[in-house]
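Peer 1:
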Amino acid sequence: MTTAAPSAPATNRLGLTKQDYVGSKSTLCPGCGHDAITAQIIAAAWEMGLEGSKVTKLSGIGCSSKSPAYFLNQSWGFNSVHGRAAAIATGTALANKTLKNILVSGDGDSMSIGMGQLVHLIRRNVPVVYILEDNGVYGLTKGQFSATADVGSTLKHGDVNEIPPIDPCSLAIELGCGFVARSFSGNPKQLNAILKAAMAHTGCAIIDVISPCVTFNNHDSSTKSYKNAKDHDYPVHDLGFVQYNEVEEVEIRAGDAREVAFPDGSVVSFRAVKDDYDPTNKLAAMQAIHASKAKQEFLTGILYLDPQAPTIHHFCPTVDEPLATLPQARTQPGPEALERIMQGLM
Amino acid sequence: MTTSLAEGSATLVNDFSIEVATVNGSGSQTANNVLMRTIFQMGVPVSGKNLFPSNIAGLPTWFQIRASAKGYVARKHDIDLMICMNPETAKEDVAKLKPGAICIFDEPLKLDSLRTDLIWYPVPFQKLVTASCPEPKLHKLIKNMIYVGVAAQLLGLDMAEAKSAITKQLKGKAKAAELNHVAAQAGYDWAAANMPEQHRLKIVRDDKTRGQIMLDGNSACALGAIFAGVTVVGWYPITPASTVVEYLIDYADELRKDPVTGRPTVAIVQMEDELASAGVILAAGWAGARSMTSTAGPGISLMSEFIGLGYFVEAPAVFVNVQRTGPSTGLPTRTQQGDIELCAKASHGDTHHVCLYPANMEECFRFTYDAFDLAERLQTPIFLMTDLDLGMQNWASKPFTFPGKPFDRGKVLGEKELAELKDWGRYKDLDGDAICARTLPGTPGGKGAYFTRGTGHNEYAYYSEKPDDWTKLVDRLRRKLETAKSLVPRPVVDGEDRRGILAFGSSDPAVFEARDLLRAAGKETSYLRLRAFPFTAEVDAWLEAREVVYVVEQNRDGQMTALLRDFYPQHAMRFRKVLHYDGTALNAQTLVDQISGYEK
Ligand SMILES: Cc1ncc(C[n+]2csc(CCOP(=O)(O)OP(=O)(O)O)c2C)c(N)n1
Ligand code: SF4
Ligand SMILES: [Mg+2]
Chain A
507 MTTAAPSAPA TNRLGLTKQD YVGSKSTLCP GCGHDAITAQ IIAAAWEMGL EGSKVTKLSG
567 IGCSSKSPAY FLNQSWGFNS VHGRAAAIAT GTALANKTLK NILVSGDGDS MSIGMGQLVH
627 LIRRNVPVVY ILEDNGVYGL TKGQFSATAD VGSTLKHGDV NEIPPIDPCS LAIELGCGFV
687 ARSFSGNPKQ LNAILKAAMA HTGCAIIDVI SPCVTFNNHD SSTKSYKNAK DHDYPVHDLG
747 FVQYNEVEEV EIRAGDAREV AFPDGSVVSF RAVKDDYDPT NKLAAMQAIH ASKAKQEFLT
807 GILYLDPQAP TIHHFCPTVD EPLATLPQAR TQPGPEALER IMQGLM
Chain B
51 MTTSLAEGSA TLVNDFSIEV ATVNGSGSQT ANNVLMRTIF QMGVPVSGKN LFPSNIAGLP
111 TWFQIRASAK GYVARKHDID LMICMNPETA KEDVAKLKPG AICIFDEPLK LDSLRTDLIW
171 YPVPFQKLVT ASCPEPKLHK LIKNMIYVGV AAQLLGLDMA EAKSAITKQL KGKAKAAELN
231 HVAAQAGYDW AAANMPEQHR LKIVRDDKTR GQIMLDGNSA CALGAIFAGV TVVGWYPITP
291 ASTVVEYLID YADELRKDPV TGRPTVAIVQ MEDELASAGV ILAAGWAGAR SMTSTAGPGI
351 SLMSEFIGLG YFVEAPAVFV NVQRTGPSTG LPTRTQQGDI ELCAKASHGD THHVCLYPAN
411 MEECFRFTYD AFDLAERLQT PIFLMTDLDL GMQNWASKPF TFPGKPFDRG KVLGEKELAE
471 LKDWGRYKDL DGDAICARTL PGTPGGKGAY FTRGTGHNEY AYYSEKPDDW TKLVDRLRRK
531 LETAKSLVPR PVVDGEDRRG ILAFGSSDPA VFEARDLLRA AGKETSYLRL RAFPFTAEVD
591 AWLEAREVVY VVEQNRDGQM TALLRDFYPQ HAMRFRKVLH YDGTALNAQT LVDQISGYEK
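Protein chains in written order, with the numbering used here: chain A, 507 to 852; chain B, 51 to 650.
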């Protein structure tokens with residue numbers, strides 16, 4: 507190895523460059539919010555030093571669901587069927603509990619066709635970073651309303667939505683999700699911090715990311731347009747995230763920052779911007795979300811956090827090793843066991 | 051023909067049928083199983099059919115027991131001994147009997163005034179139960195055990211065997227067993243003292259069931275999965291498939307705990323529906339687990355989109371389908387072979403799936419076990435097709451033999467193999483058998499990651515819309531079915547006659563008996579029992595050599611006939627459909643009648 511030339515790109519704890527975390531070239535529309543999120547997934551995974559071979563990238567169907575192809579080429583992808591990536595995540599997690607699962611879905615994929623599976627994924631607290639790329643429309647099928655479209659938002663050709671939306675964040679909090687966040691594809695710094703914290707979380711992390719569809723839903727009257735989201739994005743706090751392997755070295759600023767630790771030792775710090783937002787208080791979180799909605803704001807940040815909530819591996823406490831690769835000697839009872847059962851049935 | 055008493059008053063030894071009419075939820079199931087088991091323990095081949103309603107309590111249910119020295123275990127049409135415990139159906143139950151049949155009934159029902167051509171045995175059940183059981187709230191349950199005692203005395207059953215059957219049936223519940231012993235004995239003693247002896251129906255000790263086990267097909271499937279090392283189960287309750295997983299949970303509790311940590315080596319998760327169940331097991335299979343689900347027709351319908359994905363991305367998983375009577379909710383507690391076409395071709399687009407058709411308990415066990423090897427070898431969903439008759443009824447069987455060989459985990463590349471390979475592509479057919487080597491998420495070394503997608507892809511799993519890539523892919527999937535032919539169980543063939551019977555699954559016992567009946571009437575037959583789809587070369591050759599082929603199946607449309615016609619149009623002219631689809635288990639006479647009808 508030559509000594510590092512001055513131009514050598516930065517490397518992470520595994521000695522990998524950011525380039526090692528990219529995927530194939532995106533085929534989404536130029537300017538699509540989803541691509542901006544992809545960029546932050548790459549950045550966060552690199553900064554966290556995720557081991558590519560230990561990561562899965564799961565999705566349903568939609569423009570958003572295509573994006574796992576655009577990051578982490580070293581990881582295993584599964585672009586499945588519309589609205590069912592939650593079951594794919596559950597099966598993957600059960601088969602191999604040592605994997606880090608990143609799931610990308612859309613508002614159509616999650617809040618309409620896949621609502622049932624999302625609800626139960628949260629309820630079982632399946633370990634997964636669930637990124638809901640929320641543009642208020644079905645991008646891939648050319649711009650129909652989704653269940654997160656706000657009342658009064660209009661489609662390109664003039665249709666007005668009159669049916670109230672479902673808010674993924676309050677839903678997730680209500681269901682007991684241990685990590686609920688909202689962000690905006692146009693706020694890379696905050697999104698990056700949230701993604702890293704979600705990657706440190708051991709349970710199900712739901713992140714609703716407002717992600718404008720520049721082709722079908724980016725006119726100023728749309729509540730999920732760049733302009734609208736920029737004008738109405740109210741972060742509840744400045745987020746800091748310190749990874750477990752850096753905790754020793756980095757001193758977290760004291761003062762008004764509040765810290766929450768993850769089981770692996772990582773720490774998120776919240777510096778309040780609005781009032782004194784407490785992300786561990788479920789009721790307060792709900793209240794803040796509803797209050798901001800009444801003022802037509804998007805409350806962003808980590809809205810609720812309970813890193814200790816038991817996961818599916820608590821309900822289904824299989825051995826530590828991946829079930830997928832347990833040898834036959836550990837999964838097949840011996841002939842004497844069969845003989846004993848046969849005797850009992852005689 | 052050795053059928054009902056109507057044809058003579060000779061004693062029928064070890065060859066008659068009993069029907070017990072009771073009310074669902076009254077605890078009669080235990081009593082009926084004891085009666086059946088007692089005959090089994092006396093060495094006489096016996097079968098039981100529980101005809102139960104889709105209801106928790108209150109609706110009528112019937113239990114048919116058939117003893118047959120010749121080993122005929124299919125349902126028998128005529129009843130020789132009727133036990134009437136349900137006032138609501140008693141009149142109908144009595145009306146359907148042939149003259150000369152025996153009827154035990156609850157005395158207050160006064161059934162003996164209905165017909166003069168039956169042999170009546172009124173029994174004061176309430177009086178007997180009050181005398182034998184001190185706890186009034188148990189009377190309803192205990193009453194059933196009284197008829198077991200009465201029948202035992204009437205038929206010459208050994209009370210010691212009856213008591214051991216009770217103990218077995220109520221394993222671990224000593225107090226309940228004791229109460230039931232007393233009740234059965236009370237029935238027996240009362241009958242001995244008060245009932246005139248009869249010489250028409252007798253059970254005499256034999257040794258034909260020695261060394262045999264008795265269980266239902268769902269238990270056998272559960273055991274097959276346990277011994278196949280199943281590691282992930284996703285399921286959603288549905289009759290008649292639920293007990294496959296419920297028994298599996300019990301067996302896993304006993305047999306699949308890690309000896310060091312005491313923690314399970316199998317994850318069993320009740321999902322929110324069948325869509326999720328299918329997704330969980332396909333993802334688990336994709337990630338390297340041995341995965342399975344158990345469901346019935348409505349569940350398969352819901353799973354269909356995922357099944358297509360599994361076929362197309364080539365992910366292994368085992369789907370047990372315990373078929374029931376459809377369409378729609380249909381008759382959820384009745385049997386049918388109604389999903390033959392559905393499962394062979396489940397999902398949209400061009401799809402074909404490997405289906406296994408077990409016909410008995412050993413095959414339920416062994417084929418479930420084999421299904422895991424096939425799924426991983428072929429990297430595709432495998433369907434194990436049983437039905438309510440196999441799955442939920444009790445059957446005698448030879449004990450299962452331990453499948454002492456290594457699991458076939460299929461073509462999976464690890465870190466070392468990947469390091470040696472220059473140009474790996476997930477969907478590259480290097481061996482010419484249409485099966486490509488896969489990798490599992492988590493494989494270290496930085497090689498072998500790929501993108502699984504339900505969209506069109508090339509050999510490297512990259513997205514492709516090129517016509518050539520597409521046809522190459524779907525043609526290879528079709529060729530994979532050819533490879534499957536060398537792996538699936540061959541058909542079982544018997545006889546040389548040009549008059550052939552082709553059947554599969556739970557039709558087997560009725561065909562066995564029907565062939566004897568046809569032979570007695572001068573009609574020789576040969577028999578091919580299909581055990582798998584895709585059809586193997588033996589099927590073709592056998593069809594080729596027949597003049598006429600009676601295809602026996604338990605559905606309305608002749609679904610297997612349609613599949614056979616599809617693959618062997620050259621033989622289609624010789625197919626004759628022999629169908630049964632009223633929800634009851636197949637009986638031999640139906641086959642004889644239909645086949646004779648064709649030959650008039
Ligand atoms: C079973 C099924 N129904 C319908 C579709 C068509 N479809 C594809 S993507 C999509 C909506 C995607 O919307 P969303 O999840 O919001 O993703 P976006 O494209 O907006 O990112 C629909 C309806 C499908 N693929 N599968
Ligand atoms: S249609 Fe909308 S959501 Fe889809 S890629 Fe284009 S901008 Fe993105
Ligand atoms: Mg959308």
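Glycine is no exception: its CB is placed at the ideal position from the N, C-alpha and C atoms. In this text, all values refer to a predicted model and were calculated from it rather than measured experimentally.
Could you check where the alpha helix (DSSP H) with A/Leu789 kicks off and where it finishes?
Peer 2: As a working mapping, residue 789 of chain A is identified with position 283 in the first sequence. A/Leu789 -> alpha helix (DSSP H) spans 788-800.
Peer 1: If we cut at 8 Å on Cβ distances, does A/Val822 have a partner in chain B?
Peer 2: Taking the first sequence and counting its residues from 1, one reaches residue 822 of chain A at position 316. The amino acid at residue 822 of chain A is misidentified as Val; the sequence shows Cys. So, interface residue.
Peer 1: Cβ-heavy atom distance between A/Val610 and ligand 2 below 7 Å?
Peer 2: Working through the first sequence from its first residue, we reach residue 610 of chain A at position 104. A/Val610: no, Cβ never under 7 Å from ligand 2.
Peer 1: Does B/Phe362 come within less than 8 Å of chain A when only Cβ atoms are used?
Peer 2: Here residue 362 of chain B is taken as the residue at index 312 of the second sequence, counted from 1. So, not an interface residue.
Peer 1: Among B/Val316, B/Val372, B/Ala278, B/Pro309, which has the Cα closest to the Cα of B/Pro290?
Peer 2: Taking the first residue of the second sequence as position 1, residue 290 of chain B is located at position 240. Looking at the Cα atoms, B/Val372 is the closest of the given residues.
Peer 1: Examine chain A for any beta-carbon lying closer than 8 Å to the beta-carbon of B/Asp239, and answer yes or no.
Peer 2: As a working note, residue 239 of chain B is residue 189 in the second sequence. Closer than 8 Å: no.
Peer 1: Rounded to the nearest angstrom, what separates B/Glu323 and B/Val173 at their Cα positions?
Peer 2: Working through the second sequence from its first residue, we reach residue 323 of chain B at position 273. Working through the second sequence from its first residue, we reach residue 173 of chain B at position 123. Rather than Glu, the amino acid found at residue 323 of chain B in this sequence is Asp. Spanning the two alpha carbons is a distance of roughly 48 Å.
Peer 1: Which residues bound the alpha helix (DSSP H) around A/Glu553?
Peer 2: As a first step, residue 553 of chain A is located in the first sequence; it is residue number 47 there, counting from the start. Run containing A/Glu553: 539-554, per the alpha helix (DSSP H) assignment.
Peer 1: Quick test of your reading: A/Ala830 and A/Asn667, contact by CB under 8 Å. State the CB separation rounded to the nearest angstrom.
Peer 2: For the purposes of this step, residue 830 of chain A is taken as the residue at position 324 of the first sequence. For the purposes of this step, residue 667 of chain A is taken as the residue at position 161 of the first sequence. About 44 Å; that fails the 8 Å criterion.
Peer 1: Closer than 7 Å from C-beta to any heavy atom of ligand 1: which residues, in chain order?
Peer 2: Answer in sequence order: A/His540, A/Gly566, A/Ile567, A/Gly568, A/Cys569, A/Ser570, A/Ser571, A/Val587, A/His588, A/Ser611, A/Gly612, A/Asp613, A/Gly614, A/Asp615, A/Ser616, A/Ile619, A/Glu639, A/Asn641, A/Val643, A/Tyr644, A/Gly645, A/Leu646, A/Thr647, A/Ser652, A/Cys719, B/Glu355.
Peer 1: To the nearest angstrom, how far is the alpha carbon of B/Gly93 from that of B/Met610?
Peer 2: Along the second sequence, one-based indexing puts residue 93 of chain B at 43. Along the second sequence, one-based indexing puts residue 610 of chain B at 560. Cα to Cα, B/Gly93 sits roughly 36 Å from B/Met610.
Peer 1: Determine the burial state of B/Arg548: buried for a count of at least 16 other Cβ atoms within 10 Å of its Cβ, exposed for fewer.
Peer 2: Mapped onto the second sequence, residue 548 of chain B falls at position 498. With fewer than 16 Cβ atoms within 10 Å of its Cβ, B/Arg548 is classed as exposed.
Peer 1: Given that a residue counts as buried once 16 or more other Cβ atoms are within 10 Å of its Cβ, and exposed if not, what is A/Thr533?
Peer 2: Along the first sequence, one-based indexing puts residue 533 of chain A at 27. Per the 10 Å Cβ criterion, exposed.
Peer 1: In the DSSP assignment, what are the bridge partners of B/Leu251?
Peer 2: Residue 251 of chain B sits at position 201 when you count from the first residue of the second sequence. BP columns for B/Leu251 point to B/Leu62.
Peer 1: Would you say the beta carbon of A/Thr721 comes nearer than 7 Å to a heavy atom of ligand 2?
Peer 2: The residue labelled residue 721 of chain A in the question sits at position 215 within the first sequence. Yes, Cβ of A/Thr721 sits closer than 7 Å to a heavy atom of ligand 2.
Peer 1: If you follow the alpha helix (DSSP H) that B/Pro348 is part of, which residue opens it and which one closes it?
Peer 2: The residue given as residue 348 of chain B occupies position 298 in the second sequence. Note, B/Pro348: alpha helix (DSSP H), 347-363.
Peer 1: Can A/Ile795 and A/Cys675 be called in contact, C-beta distance under 8 Å?
Peer 2: Here residue 795 of chain A corresponds to residue number 289 of the first sequence, with the count starting at 1. Here residue 675 of chain A corresponds to residue number 169 of the first sequence, with the count starting at 1. Yes.
Peer 1: So with CB distances below 8 Å, who are the chain B contacts of A/Pro839?
Peer 2: Here residue 839 of chain A refers to the residue found at position 333 of the first sequence. Those within 8 Å of A/Pro839 in chain B are Ile276, Phe277, Leu305, Arg306.
Peer 1: Residues of chain B with a CB under 7 Å from the CB of A/Arg519: which are they?
Peer 2: By 1-based counting over the first sequence, the position of residue 519 of chain A is 13. Simply none; closest approach about 16 Å.
Peer 1: Distance cutoff 8 Å, beta carbons only. Does A/Lys524 sit that close to anything in chain B?
Peer 2: Taking the first sequence and counting its residues from 1, the one referred to as residue 524 of chain A is at position 18. It does not: the Cβ of A/Lys524 has no partner Cβ on chain B nearer than 8 Å.
Peer 1: Tell me which residues share the same chain as B/Leu109 and place their Cβ nearer than 8 Å to its Cβ, disregarding the 5 neighbours each side in the sequence.
Peer 2: Stepping through the second sequence from its first residue, residue 109 of chain B is reached at position 59. Once the five neighbours on either side are set aside, the close Cβ partners of B/Leu109 are Val73, Asn74, Pro103.
Peer 1: Please name the residues in the segment 312-337 of chain B whose beta-carbon is closer than 9 Å to at least one beta-carbon of chain A, in chain order.
Peer 2: Residues passing the 9 Å Cβ filter: Arg313, Pro314, Thr315, Val316, Ala317, Ile318, Val319, Met321, Glu322, Asp323, Leu325, Ala326, Ser327, Ala328, Gly329, Val330, Ile331, Leu332, Ala333, Ala334, Gly335, Trp336, Ala337.
Peer 1: Consult DSSP for B/Ala302 and reduce its assignment to one of helix, strand or coil.
Peer 2: Position 252 of the second sequence holds residue 302 of chain B. Helix.
Peer 1: Using only the heavy atoms of ligand 2, determine whether one of them is closer than 7 Å to the beta carbon of A/Leu456.
Peer 2: Because chain A here runs from 507 to 852, residue 456 of chain A falls outside it and cannot be looked at.
Peer 1: Count Cβ pairs between the segment 402-416 of chain B and the segment 238-246 of chain B that sit closer than 8 Å; are there 3 or more?
Peer 2: Touching, no, given that fewer than three Cβ pairs across the two stretches are closer than 8 Å.
Peer 1: Hey, is A/Gly538 close to ligand 2, as in C-beta under 7 Å from one of its heavy atoms?
Peer 2: Within the first sequence, the letter at position 32 stands for residue 538 of chain A. A quick correction: the sequence has Cys, not Gly, at residue 538 of chain A. Result yes, Cβ under 7 Å from ligand 2.
Peer 1: Write down the C-beta distance between B/Thr401 and B/Thr385 rounded to the nearest angstrom, noting that I regard them as a contact closer than 8 Å.
Peer 2: The sequence position of residue 401 of chain B within the second sequence is 351, counting from 1. The sequence position of residue 385 of chain B within the second sequence is 335, counting from 1. Incorrect: roughly 26 Å between the Cβ atoms, too far for contact.
Peer 1: Taking 8 Å as the cut-off, does the segment 592-604 of chain B touch the segment 624-643 of chain B (at least 3 CB pairs, one atom from each stretch)?
Peer 2: As far as the Cβ criterion goes, the segment 624-643 of chain B touches the segment 592-604 of chain B, which means the pair count is three or higher.
Peer 1: Relative to the C-alpha of B/Leu578, which residue among B/Leu567, B/Ser536, B/Val542, B/Glu563 is closest?
Peer 2: If you number the second sequence from 1, residue 578 of chain B lands on position 528. When each option's Cα is compared against that of B/Leu578, the closest is B/Val542.
Peer 1: Which chain A residues are close to B/Met264, counting only those with a beta carbon under 7 Å from its beta carbon?
Peer 2: Counting from one through the second sequence, the residue named residue 264 of chain B turns up at place 214. Leu851, listed in chain order.
Peer 1: Could you give the distance in angstroms between the alpha-carbon of B/His621 and the alpha-carbon of B/Ser59?
Peer 2: Translated into the one-based positions of the second sequence, residue 621 of chain B becomes position 571. Translated into the one-based positions of the second sequence, residue 59 of chain B becomes position 9. Their backbone Cα atoms lie some 47 Å apart in a straight line.
Peer 1: Excluding the five sequence neighbours on either side, which residues of its own chain have a C-beta within less than 7 Å of the C-beta of B/Tyr297, listed in chain order?
Peer 2: In the second sequence, residue 297 of chain B corresponds to position 247, counting from 1. If we look at B/Tyr297 and ignore the five residues flanking it on each side, its Cβ neighbours are Asn268, Ser269, Ala272.
Peer 1: DSSP three-state call for B/Met623: helix, strand or coil?
Peer 2: Within the second sequence, the letter at position 573 stands for residue 623 of chain B. Correct three-state label for B/Met623: helix.
Peer 1: Please classify A/Leu789 as buried or exposed, where buried requires at least 16 other C-beta atoms within 10 Å of its C-beta.
Peer 2: Looking up residue 789 of chain A in the first sequence gives position 283. Exposed, since its Cβ has fewer than 16 Cβ neighbours within 10 Å.
Peer 1: Please name the residue or residues paired with A/Lys563 in a DSSP beta bridge.
Peer 2: What you label residue 563 of chain A is simply residue 57 of the first sequence in a count that begins at 1. A/Gly583, A/Ile608.
Peer 1: Helix, strand or coil for A/Val632? Go by DSSP, reduced to three states.
Peer 2: Working through the first sequence from its first residue, we reach residue 632 of chain A at position 126. In the structure shown, A/Val632 sits in coil (DSSP, three-state: anything other than H, G, I, E or B).
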